[in-house]
Amino acid sequence: MEIVLVGARKPSAAVDSYVLNEAVLCSAEVDFPFRGRFVLPPDWCLLGYIHHTEEGSWCHGTPLQPGMAFTVLPEGISEFLLRAGSVVSVMLVPLDRLQRKYAQLQPLQAELPARLLSLFSLCATRQAQELRSRYERIREDLGAAHGVADRPAPAMVDVDALLESHLAAGLGAPAEDRPQCSRGRRAHYLIVQRAEQFMRANMRHDIYLTEMCNAAGVSERALRYAFDDLLGISPNRYLSMLRLCTACRSLSLSDASRRSVKSVALSCGLWDLSRFADHYRRVFGESPRDTLMRAPPIEPAEPPPLARVSERG
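Everything in the sequence shown is counted per my numbering, starting at 275 for the first residue and increasing by one.
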């Protein structure tokens with residue numbers, strides 16, 4: 275997952291996870307606001323529940339609130355923003371497992387109804403209350419086992435029962451429990467999305483505000499208003515943090531024997547290396563070189579048998 279910081283707080287999070295019955299359970303609490311992007315593997319899906327979040331969190335522009343459940347299928351890039359203090363529990367499971375469970379509940383339906391399951395509030399229905407209790411128990415069990423070596427499996431987690439409960443609550447949620455993205459909010463999301471795509475495509479170069487406006491197809495005022503509404507910061511501030519977080523990601527994944535801090539910084543359009551190092555240290559609490567040296571070396575791929583025979587010959 276790629277993240278871009280959108281606030282002054284240093285990145286800090288508590289994450290607990292457990293692998294159980296071909297599923298990955300995870301609960302996380304983040305102490306900093308950030309924008310995230312991720313792509314699921316093609317054969318997996320993500321189910322989850324928002325225990326807590328502050329106003330301003332969203333997914334594809336749709337506001338997120340505490341008590342919402344969500345389903346992410348392996349279709350394109352998922353984009354979201356979480357404010358500081360957000361607490362989320364998720365379960366990653368094989369897609370065919372979710373499909374089989376759906377076929378049991380709805381034998382006459384051919385495909386998963388992605389629209390109905392994508393995002394829904396857990397309010398007063400029996401299915402909603404049951405699902406809420408299951409996710410709360412996951413949070414409690416994973417939190418209780420935090421830092422415990424050889425900890426036991428979360429006691430009350432039945433993966434198949436959670437799948438069935440999640441599907442039942444999503445399919446049975448009334449219209450008022452399905453949040454909608456307003457036309458204005460959707461327009462702001464598309465503006466920010468187009469501007470960010472331009473930033474990412476031209477990160478090696480200087481990028482000016484007028485170029486962002488042209489890429490987004492809006493005036494400077496409209497661009498600033500969209501960024502402030504969705505991200506709470508200006509376009510130039512977001513560009514600065516995008517460059518910095520992209521550099522951090524590259525440093526953490528690079529082989530120190532093959533790449534240098536300078537090459538990574540320049541690839542992100544960070545020309546002033548001294549200023550970059552100071553800013554990086556303030557945000558991430560360590561120097562860029564420390565991040566690079568901590569990254570595991572990339573093992574060279576073993577040559578195929580024919581290549582080895584050729585070398586001996």
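Every residue gets a Cβ at the ideal spot worked out from N, C-alpha and C, and that includes glycine.
| query | CB Leu516 to CB Met473, shorter than 8 Å? | reply | Taking the sequence shown and counting its residues from 1, one reaches residue 516 at position 242. Taking the sequence shown and counting its residues from 1, one reaches residue 473 at position 199. Yes, the Cβ-Cβ distance between Leu516 and Met473 is below 8 Å.
| query | Ile277 by DSSP, collapsed to three states: which one? | reply | On the sequence shown, residue 277 is found 3 positions in, with the first residue counted as 1. The three-state reading of DSSP puts Ile277 in strand, counting E and B together.
| request: Using the DSSP secondary-structure output, state which residues sit across from Tyr292 in a beta bridge. | output: Taking the sequence shown and counting its residues from 1, one reaches residue 292 at position 18. Its beta-bridge partners are Leu299.
| query | Per DSSP, what kind of secondary structure is His334 in: helix, strand or coil? | reply | Locating residue 334 in the sequence shown gives position 60, where the first residue counts as 1. Reduced to three states, the DSSP call for His334 is coil.
| query | Are the segment 351-361 and the segment 320-327 touching by the rule of at least three beta carbon pairs closer than 8 Å? | reply | yes
| Between Phe306, Gly310, Ala402 and Pro316, which lies nearest to Leu445 when the distance is taken from Cα to Cα? | Counting from one through the sequence shown, the residue named residue 445 turns up at place 171. Of the listed residues, the one whose Cα sits closest to Leu445 is Ala402.
| said: Helix, strand or coil, according to DSSP, for His479 in the structure here? | reply: As a working note, residue 479 is residue 205 in the sequence shown. Residue state, collapsed to three classes: coil.
| task | Please name the residue in Gly543, Cys455, Ser493 and Ala496 whose C-alpha comes closest to that of Ala475. | result | The residue given as residue 475 occupies position 201 in the sequence shown. Ranking the options by Cα distance to Ala475, first place goes to Gly543.
| query | Who pairs with Pro368 in a beta bridge, going by DSSP? | reply | Residue 368 sits at position 94 when you count from the first residue of the sequence shown. According to DSSP, which records beta bridges pairwise, Pro368 is partnered with Trp318.
| Exposed unless 16 or more other CB atoms sit within 10 angstroms - verdict on Ala388 | The count along the sequence shown starts at 1 and reaches residue 388 at position 114. Classification of Ala388: exposed, given that the 10 Å Cβ count is below 16.
| request: Note down, in chain order, each residue of its chain lying with its Cβ closer than 6 Å to the Cβ of Leu436, except the 5 sequence neighbours on either side. | output: Indexing the sequence shown from 1 puts residue 436 at position 162. Once the five neighbours on either side are set aside, the close Cβ partners of Leu436 are Arg408.
| Considering Phe306, what are the terminal residues of the beta strand (DSSP E) in which it resides? | For this step, residue 306 is matched to residue 32 along the sequence shown. That residue, Phe306, is in no beta strand (DSSP E); it is neither H nor E in DSSP.
| request: Pick helix, strand or coil for Val313, following the three-state DSSP scheme. | output: Mapped onto the sequence shown, residue 313 falls at position 39. If DSSP states are grouped into helix, strand and coil, Val313 belongs with coil.
| task | With a 10 Å radius around its C-beta and 16 neighbouring C-beta atoms as the bar for buried, classify Ser291 as buried or exposed. | result | Residue mapping note: residue 291 aligns to position 17 of the sequence shown, counting from 1. With fewer than 16 other Cβ atoms within 10 Å, it is exposed.
| said: Among the candidates Cys300, Gln373, Val466 and Asp529, whose CA atom is the shortest distance from the CA of Asp317? | reply: Taking the first residue of the sequence shown as position 1, residue 317 is located at position 43. Residue Gln373 is the option with its Cα nearest to Asp317.
| said: Once DSSP output is grouped into helix, strand and coil, what is the label at Ala551? | reply: Along the sequence shown, one-based indexing puts residue 551 at 277. DSSP places Ala551 in helix when its eight states are reduced to three.
| Considering only residues of the same chain and omitting the five flanking positions on each side of His553, which have a CB-CB separation below 7 Å? | Here residue 553 refers to the residue found at position 279 when the sequence shown is read from its first residue. Taken in chain order, the residues that qualify are Leu518.
| message | Short of 8 Å in beta carbon distance, which residues of its chain neighbour Asp503, apart from the five on each side in sequence? Order them along the chain. | response | Position 229 of the sequence shown holds residue 503. Within the same chain, Asp503 has close Cβ partners Arg459 and His462.
| said: Tell me the DSSP secondary structure of Ile324 in three-state form. | reply: For the purposes of this step, residue 324 is taken as residue 50 along the sequence shown, with counting starting at 1. The answer is strand: DSSP assigns Ile324 an E or B state.
| query | Going by beta carbon distance, what residues of the same chain come within less than 6 Å of Ser524, once the five residues before and after it are set aside? | reply | The residue labelled residue 524 in the question sits at position 250 within the sequence shown. Non-local C-beta neighbours of Ser524 in its own chain, meaning closer than 6 Å and more than five positions away in sequence, comprise Val538, ordered along the chain.
| query | Is the Cβ-Cβ distance between Ser331 and Arg357 less than 8 Å? | reply | The residue given as residue 331 occupies position 57 in the sequence shown. The residue given as residue 357 occupies position 83 in the sequence shown. Yes, the Cβ-Cβ distance between Ser331 and Arg357 is below 8 Å.
| said: Quick check: what's the CA-CA separation for Gly281 versus Ala287? | reply: In the sequence shown, residue 281 corresponds to position 7, counting from 1. In the sequence shown, residue 287 corresponds to position 13, counting from 1. Their backbone Cα atoms lie some 14 Å apart in a straight line.
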